[in-house]
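Each remark here refers to the structure printed beneath this line.
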Amino acid sequence: MLLLFSTGAYASGTKPGYKGYARGNALITAAELKHLIDSKDPNLIILAAENELEYRMGHIPGSFMVDRPDYEAPAETQNGITGNLINAEGFTKLARQLGINKNSKVVVYDAKYDATRLWWAFFYYGKTDVRVLDGGIKAWKDAGYDTDFLAPERRNGGNFAAKVTYPRLRVDTPEILALKDSPKGQLWDDREQKEFCGEELKKGAHRKGRIPWGKFANWELFKQKANKAEWLSAEEAGAAVKKLGADPKKDQYFFCQSGVRSTQALFTFYLLGWSLDKLHNYDSSWIGWSKDASLPIVTGYGTAPTVASIP
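Residues 1 to 311 (full-length UniProt numbering) make up the sequence shown, in order.
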């Protein structure tokens, strides 16, 4: 119980689940997914959050590829910012093309970090019964399960209707700017060290550097070194969160290059039991912030990352 309190997993009456997480049921193991497939559950929908090359190298049988462009909003509708989440109408159309219904059991997997972006999008739009495959495609293959190389036909005809249900899960630049003088929130920069220090500029961004009041929290903090798609135990993840200095009384804001890796951290806080209304993903992230020349940035190692790994 001390661990749960210190990491923020303080949901009243919650018993630790898979890997010790307060919300461990948001993850699913390869064996559990194989059982669902073998049982021919008609409500099961499996989504591969992968690009075409990754998908064609072998995917879980029956899974549908959903790459980032499938659910990204056109840049011209986002003041020129690329990578933002598509609107409810567009997400509804995508979900229905995949055959997703209100009662569908959706499982999302990846090779590294895209699955939580889809999980976050579904949650934002009101579908909360979505699980992430712990270990991703590597765990599936390591278990000796078969893979397919041809895509299944899309089912179409789903009845899921996307509606913004948890609006605070997604925030934009004004709210991040307001954090500069606010003691009520903490901002986490979930990019890698070279991006944080201004040594590397990834495609889509306009300036090198970081938001001055953002604290470094590499998304890899919460993942296994041998498999970037697999989560650490709750004890290990909780230790990382504690070392970061995250305060459960404050709102937690996460950003990266385009709001993808940041969902790794947000999802981990969710697993640990942090209050959902305090978890916010900055969708425009560094692409949006760096595009606006009026917004402040800093570079260099003057405030070098103090948390790059856990003991």
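By construction, the Cβ of each residue, glycine as well, lies at the ideal position given by its N, Cα and C atoms. Treat the numbers as computed from the prediction; the structure is a model and nothing was measured.
Original post:
Looking only at C-alpha atoms, which of K112, I297, G83 sits nearest to K225?
Top reply: To locate residue 225, count along the sequence shown from 1; it is residue 225. Minimum Cα distance to K225 is reached at K112.
**OP:** Please state if the CB of T147 and the CB of I60 are separated by a distance shorter than 9 Å.
**Re:** Your numbering for residue 60 matches position 60 in the sequence shown. Your numbering for residue 147 matches position 147 in the sequence shown. Yes; because the gap between Cβ atoms is below 9 Å, this pair is in contact.
Subject >> Close beta carbons around A217, own chain, < 7 Å, minus the five adjacent residues each side >> reply: For this step, residue 217 is matched to residue 217 along the sequence shown. Spatial neighbours of A217 in its own chain (CB-CB distance under 7 Å, excluding positions within 5 residues in sequence) are listed in chain order as W188, D189, D190, L244, A265, V307.
**OP:** Please state whether DSSP places G136 in a helix, a strand or coil.
**Re:** Your numbering for residue 136 matches position 136 in the sequence shown. Of the three classes helix, strand and coil, the one that applies to G136 here is helix, per DSSP.
Subject >> Given K127 as reference, the closest of T92, A73, E235 once Cα atoms are compared >> reply: For the purposes of this step, residue 127 is taken as residue 127 along the sequence shown, with counting starting at 1. Comparing Cα-Cα distances from K127 to each of T92, A73, E235, the minimum goes to T92.
Original post:
What three-state label does DSSP hand W213 in the structure shown?
Top reply: Walking along the sequence shown from the start, residue 213 turns up at place 213. Coil.
Subject >> Three or more C-beta pairs below 8 Å linking the segment 78 to 88 and the segment 18 to 34 >> reply: The segment 78 to 88 and the segment 18 to 34 do not touch, with fewer than 3 CB-CB distances between them shorter than 8 Å.
Original post:
Any contact of the segment 271 to 291 with the segment 157 to 169, i.e. 3+ C-beta pairs under 8 Å?
Top reply: Because the criterion of three Cβ pairs below 8 Å is met, the segment 271 to 291 and the segment 157 to 169 touch.
Subject >> Selection from I176, K203, A239, K105 that minimises the alpha carbon distance to residue 356 >> reply: In the structure displayed, the chain extends from 1 to 311; residue 356 sits before or after that span and is not available.
**OP:** Pick out whichever of G209, V66, K202 has its Cα sitting closest to the Cα of A293.
**Re:** One-based indexing of the sequence shown puts residue 293 at position 293. Comparing Cα-Cα distances from A293 to each of G209, V66, K202, the minimum goes to G209.
Subject >> G288 versus P174, T299, G17, residue with shortest Cα-Cα distance >> reply: Along the sequence shown, read from residue 1 onward, the residue named residue 288 stands at position 288. When only C-alpha atoms are compared, the closest one is P174.
Original post:
Relative to the alpha-carbon of L53, which residue among T299, L150, V130, F255 has its alpha-carbon at the smallest distance?
Top reply: Working through the sequence shown from its first residue, we reach residue 53 at position 53. Answer by Cα proximity: L150.
**OP:** Report the partner residues of Y282 according to the DSSP bridge assignment.
**Re:** Counting from one through the sequence shown, the residue named residue 282 turns up at place 282. V171, per the DSSP bridge assignment.
**OP:** Go ahead and pull the three-state DSSP assignment for A161.
**Re:** Numbered from 1 along the sequence shown, position 161 holds the residue referred to as residue 161. Per DSSP, reduced to three states, the secondary structure at A161 is coil, with no helix or strand assignment.
Subject >> According to DSSP, residues forming a beta bridge with A48 >> reply: Along the sequence shown, one-based indexing puts residue 48 at 48. In the DSSP output, where bridge partners are listed per residue, A48 has M65, Y109.
**OP:** Could you spell out where the beta strand (DSSP E) holding D189 opens and where it closes?
**Re:** Here residue 189 refers to the residue found at position 189 when the sequence shown is read from its first residue. Residues 185 to 189.
Original post:
For F255, does the three-state DSSP call read helix, strand or coil?
Top reply: Looking up residue 255 in the sequence shown gives position 255. Residue state, collapsed to three classes: strand.
Original post:
Can you tell me the Cα-Cα spacing of R56 and A178, whole angstroms?
Top reply: On the sequence shown, residue 56 is found 56 positions in, with the first residue counted as 1. On the sequence shown, residue 178 is found 178 positions in, with the first residue counted as 1. Rounded to the nearest angstrom, the gap between the Cα atoms of R56 and A178 is 44 Å.
Original post:
In this structure, what does DSSP give as the bridge partners for D148?
Top reply: For the purposes of this step, residue 148 is taken as residue 148 along the sequence shown, with counting starting at 1. Bridge partners of D148: H59.
**OP:** Could you check what DSSP says for residue 312 in three-state terms: helix, strand or coil?
**Re:** This structure leaves residue 312 out entirely; the chain is present only between 1 and 311.
Subject >> Meets three-Cβ-pair contact criterion under 8 Å: the segment 220 to 238 and the segment 123 to 143 >> reply: Verdict: yes, contact present.
Subject >> Where W289 falls: helix, strand or coil (DSSP) >> reply: What you label residue 289 is simply residue 289 of the sequence shown in a count that begins at 1. Helix.
Subject >> Same chain only: Cβ atoms within 6 Å of A161, ignoring 5 sequence neighbours per side >> reply: Position 161 of the sequence shown, counting from 1, holds the residue named residue 161. Only T92 meet the Cβ criterion.
Original post:
Could you give the residue range of the alpha helix (DSSP H) that holds R96?
Top reply: Residue numbering aside, residue 96 sits at position 96 when the sequence shown is read from its first letter. For R96, the enclosing alpha helix (DSSP H) starts and ends at 88 to 97.
**OP:** With a 10 Å radius around its C-beta and 16 neighbouring C-beta atoms as the bar for buried, classify G20 as buried or exposed.
**Re:** Within the sequence shown, the letter at position 20 stands for residue 20. With 16 or more other Cβ atoms within 10 Å, it is buried.
Subject >> Terminal residues of the alpha helix (DSSP H) in which L33 lies >> reply: For the purposes of this step, residue 33 is identified with residue 33 of the sequence shown, where counting begins at 1. Its alpha helix (DSSP H) spans residues 30 to 38.
**OP:** Select from G185, G273, P212 the residue whose C-alpha is nearest the C-alpha of G198.
**Re:** Stepping through the sequence shown from its first residue, residue 198 is reached at position 198. Measuring C-alpha to C-alpha distances from G198 to each of G185, G273, P212 identifies P212 as the nearest.
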